[in-house]
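As structure tokens, the structure follows; a few thoughts come after it.
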Amino acid sequence: MLKLVIVGTIMAAAAADYTYPVNKDMVESIKAATNQWIPAEPHENQFYGWTNDQLSALLGTVLAPPAEGFETVTAVAAPDTWAWRAQSQCVGAIRDQ
Numbered sequence: 099m100l101k102l103v104i105v106g107t108i109m110a111a112a113a114a115d116y117t118y119p120v121n122k123d124m125v126e127s128i129k130a131a132t133n134q135w136i137p138a139e140p141h142e143n144q145f146y147g148w149t150n151d152q153l154s155a156l157l158g159t160v161l162a163p164p165a166e167g168f169e170t171v172t173a174v175a176a177p178d179t180w181a182w183r184a185q186s187q188c189v190g191a192i193r194d195q
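Mapping of the sequence shown onto the numbering used here: residues 99 to 195, in sequence order.
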């Protein structure tokens with residue numbers, strides 16, 4: 099009995115990481131909703147068998163908590179007018195590009 103519990107626990111842990119988001123019901127609902135394109139069957143999908151962590155890694159966004167101790171910036175009002183020729187320090191010759 100103990101062996102069965104251990105094997106079941108290992109199987110549950112392995113299955114918890116593998117939750118492929120596309121299933122047959124989702125594909126069928128897409129097919130019923132539109133005829134503009136045909137979704138790939140779940141077993142034909144190029145991402146079949148990938149874990150959620152592997153799929154999320156493709157998204158390219160890493161959400162990190164905000165750093166502690168950062169300075170806050172006080173907003174100031176923008177001027178109504180601004181003449182870049184008179185007030186900019188970055189004025190240079192216009193080159194033919």
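No residue lacks a Cβ here, since even glycine has one placed at the ideal position from N, Cα and C.
#### Entry: Rounded C-alpha distance that separates residue 141 from residue 121
Here residue 141 is taken as the residue at index 43 of the sequence shown, counted from 1. Here residue 121 is taken as the residue at index 23 of the sequence shown, counted from 1. Rounded to whole angstroms, residue 141 to residue 121 spans 9 Å at the Cα level.
| task | Could I get the ranges of all uninterrupted alpha helix (DSSP H) runs contained in the segment 111–193, with 4 residues as the minimum, in chain order? | result | The segment 111–193 contains, as complete alpha helix (DSSP H) runs of 4+ residues, the segments 122–131, 150–155, 182–185 (chain order).
### Query
Cα separation between residue 119 and residue 139?
Numbered from its first residue, the sequence shown carries residue 119 at position 21. Numbered from its first residue, the sequence shown carries residue 139 at position 41. Rounded to whole angstroms, the separation of the alpha carbons of residue 139 and residue 119 is 13 Å.
- Query: Taking the C-alpha atoms as reference points, what is the distance between residue 125 and residue 136?
  - Reply: Walking along the sequence shown from the start, residue 125 turns up at place 27. Walking along the sequence shown from the start, residue 136 turns up at place 38. The straight-line gap from Cα to Cα measures roughly 9 Å.
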